[in-house]
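*Asks:*
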Amino acid sequence: MRLLYTLLLYVTLPFATLVLAWRSLGTRDYWRGGSARFGLGAARAGGGVWVHAVSVGEVQVAAILIAALREREHNLEITLTCATPTGRARARAALPGVEVRYAPYDLPGCVRRTLARLRPRLLIIIETELWPNLLHEAARAGVPVLFASARISARSARFYQRLPGLLHDALAANA
């Protein structure tokens with residue numbers, strides 16, 4: 078099931094790129110730092126925490142969590158990934174000293190490159206961002222995954238139950 082999902086992502090990638098290009102005509106922030114979506118960008122020393130928050134609401138939660146983490150370990154290297162320009166802008170304003178980049182597309186190569194560049198010792202996913210390849214590649218790389226402020230509605234649970242091969246292995250590997 079994950080293979081079919083991945084193939085569909087590869088098919089839609091050119092369209093997603095066109096949408097981003099179109100949106101960037103009005104808001105340049107859609108394109109700035111966009112190489113991170115493909116798993117490119119600066120490498121980190123490693124051993125830090127990767128926090129994934131999609132947009133502004135999740136960034137607000139992440140900011141509280143990151144402040145608590147920094148209180149316990151002042152020099153903790155933290156990278157926050159977002160999917161939207163508004164989330165990214167909010168994160169940069171609220172979290173000085175935290176590297177903020179776009180989240181990689183949920184394609185195996187993009188996620189592997191991001192993991193190789195960040196070399197995190199922990200991935201914290203804010204709310205319920207269930208990206209099959211991200212979860213699979215994190216498990217494959219031996220990076221534990223923690224869901225913070227996560228919940229699944231009954232409707233979403235029924236949807237995921239109809240697609241057991243999509244997330245089961247990745248979630249089981251991170252349990």
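Residue numbers for the sequence shown, in our numbering: 78 to 252. Here a beta-carbon is modelled for each residue, glycine too, at the ideal position from N, C-alpha and C.
1) What is the rounded straight-line gap between the Cα of Pro173 and the Cα of Gln238?
2) How would you write the range of the beta strand (DSSP E) that Phe224 sits in, first residue to last?
3) How would you call Arg228, buried or exposed, if buried means at least 16 neighbouring beta carbons within 10 angstroms?
4) How is the beta strand (DSSP E) around Tyr179 delimited, first residue to last?
5) According to DSSP, Val128 sits in a beta bridge with which residue or residues?
6) Considering just the uninterrupted stretch of the alpha helix (DSSP H) at His213, what are its terminal residues?
7) Exposed or buried, which one is Leu157 when buried takes at least 16 other CB atoms within 10 Å?
8) Note down the Cα distance separating Ala93 from Pro221, rounded to an integer number of angstroms.
9) Check each candidate in Pro91, Arg105 and Gly116 and name the one with the smallest Cα separation from Asp183.
10) Can Ser226 and Val138 be called in contact, C-beta distance under 8 Å?
11) Does the separation of the CB atoms of Asp106 and Ala166 fall below 8 Å?
12) From Glu154, Glu206 and Ala171, pick the residue whose C-alpha is nearest to that of Leu199; which is it?
13) For Leu212, does the count of other Cβ atoms within 10 angstroms reach 16, so buried, or fall short, so exposed?
14) Within the same chain, show all residues whose beta-carbon is closer than 8 Å to that of Leu90, passing over the 5 residues directly before and after it, in chain order.
15) Rounded to the nearest angstrom, what separates Met78 and Leu85 at their Cα positions?
*Replies:* To lay it out plainly:
1) Cα to Cα, Pro173 sits roughly 40 Å from Gln238.
2) That run of the beta strand (DSSP E) goes Val222 to Ala225.
3) The residue is exposed, with fewer than 16 neighbouring Cβ atoms inside 10 Å.
4) Looking at the DSSP string, the run of the beta strand (DSSP E) that includes Tyr179 is Glu176 to Tyr179.
5) As computed with DSSP, Val128 is found in a beta bridge with Leu157 and Ile201.
6) It spans Pro209 to Arg217 - the alpha helix (DSSP H) in which His213 sits, taken as one unbroken run.
7) Around the CB of Leu157, 16 or more other CB atoms lie within 10 Å, so the residue is classed as buried.
8) Their backbone Cα atoms lie some 29 Å apart in a straight line.
9) Looking from the CA of Asp183, the closest CA among Pro91, Arg105 and Gly116 belongs to Gly116.
10) A contact, by the Cβ cut-off of 8 Å.
11) For Asp106 and Ala166, yes; Cβs fall inside 8 Å.
12) Cα-wise, what sits closest to Leu199 is Glu154.
13) Taking a 10 Å sphere around the C-beta of Leu212, we find 16 or more other C-beta atoms and assign the residue as buried.
14) Around Leu90, the same chain offers Tyr182 and Leu184 as residues with beta carbons nearer than 8 Å, after the five sequence neighbours per side are excluded.
15) Roughly 11 Å between the two C-alpha positions.
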